[in-house]
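What follows is a single structure, written as structure tokens, with notes after it.
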Amino acid sequence: MRPHLLSRRPARSLYDCVAEGNAAAVIRAFSTSFGLASWLLAEPVRTDVRNVYALVRVADEIVDTLDPSLGREPRATMLAWLHDDVRHALRNGFSGNLVVHAFARTAVRCGIGEELIDPFFASMEMDLDMTVHTRESFDRYVYGSAEVVGLMCLRGFLAGDGTADRWEDYDRLAPGARRLGAAFQKLNFLRDLAEDHDTLGRRYFPGLDIERFCDADRDRILDDIAADLDAAAAVIPALPA
Numbered sequence: 003m004r005p006h007l008l009s010r011r012p013a014r015s016l017y018d019c020v021a022e023g024n025a026a027a028v029i030r031a032f033s034t035s036f037g038l039a040s041w042l043l044a045e046p047v048r049t050d051v052r053n054v055y056a057l058v059r060v061a062d063e064i065v066d067t068l069d070p071s072l073g074r075e076p077r078a079t080m081l082a083w084l085h086d087d088v089r090h091a092l093r094n095g096f097s098g099n100l101v102v103h104a105f106a107r108t109a110v111r112c113g114i115g116e117e118l119i120d121p122f123f124a125s126m127e128m129d130l131d132m133t134v135h136t137r138e139s140f141d142r143y144v145y146g147s148a149e150v151v152g153l154m155c156l157r158g159f160l161a162g163d164g165t166a167d168r169w170e171d172y173d174r175l176a177p178g179a180r181r182l183g184a185a186f187q188k189l190n191f192l193r194d195l196a197e198d199h200d201t202l203g204r205r206y207f208p209g210l211d212i213e214r215f216c217d218a219d220r221d222r223i224l225d226d227i228a229a230d231l232d233a234a235a236a237v238i239p240a241l242p243a
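Just so we're aligned: the sequence shown equals residues 3 to 243 in the numbering used here.
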């Protein structure tokens, strides 16, 4: 589905500038490598990608907080508030939450709607209750937590190009954007395998016995990730420069 986007970027107020600066601070603080990589992107794509990442990061922090005094219900409430705030900001163009405000500016301009936002929050909600995944729940979780983020960033790239006919490429590029998001998420799962299991009590990869994890399990996961990266690499050259 081709997204609807604004024909030109709305003028930035001082509040907009502060909000987007706040989003940039989030990415710098939580991911040094991603923050540095974002500098390779031209504007306005750089700002749009940062605005998307900041919202994703805040939601992830809500569900993954290690504060033992914060139980499930307070986190669920905060996540619901965040989701509602995003919905209101998309309609009204404003939020008192600086991260949400920055995201809404990008979402409105780039055509990021509830068809991508709702699956993301659904996956975040899964982290509040689900500790072991089936193949179906794993695929659903990866789609909402990572593949839709790839699609959000793709819309930022195409909107940033400023050429209307670039949107003809969206359907062709979308599968690669999804696969890249999936690859990054699976790499995170593999990297954090022990911490997720020992600290958060989660096991993302379906059918995987953490206690008997072996080289064959690792290689199978890496082969799956490599296939995702190959699919993404095939379309990355077609992105606007």
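We put the CB at the ideal spot given by N, CA and C, even for glycine.
- In the three-state scheme derived from DSSP, where H, G and I count as helix and E and B as strand, VAL134 is classed as strand.
- Between the alpha carbons of LEU153 and THR201 lies a gap of roughly 31 Å.
- For PRO242 and LEU175, the gap between their C-alpha atoms comes out near 11 Å.
- When beta bridges are read from the DSSP output, ARG205 appears opposite VAL134.
- Shown here, ASP194 sits in coil according to DSSP, grouped into three states, outside any helix or strand.
- As the crow flies, the alpha-carbon of ASP173 is around 25 Å from that of LEU42.
- For PHE96, the three-state secondary structure derived from DSSP is coil.
- Counting along the chain, PHE215 sits inside no alpha helix (DSSP H), nor does DSSP assign it H or E at all.
- Note that the segment 115–134 does not touch the segment 26–36; fewer than 3 beta-carbon pairs, one per stretch, sit closer than 8 Å.
- The C-beta separation of ALA61 from MET126 comes to about 5 Å, placing the pair in contact by the 8 Å criterion.
- Distance between ASN53 and ASP232, taken at the CA atoms: about 27 Å.
- Between the alpha carbons of HIS135 and ASP198 lies a gap of roughly 13 Å.
- With a 10 Å radius around the Cβ and a threshold of 16 neighbouring Cβ atoms, VAL65 comes out buried.
- In the three-state scheme derived from DSSP, where H, G and I count as helix and E and B as strand, ALA82 is classed as helix.
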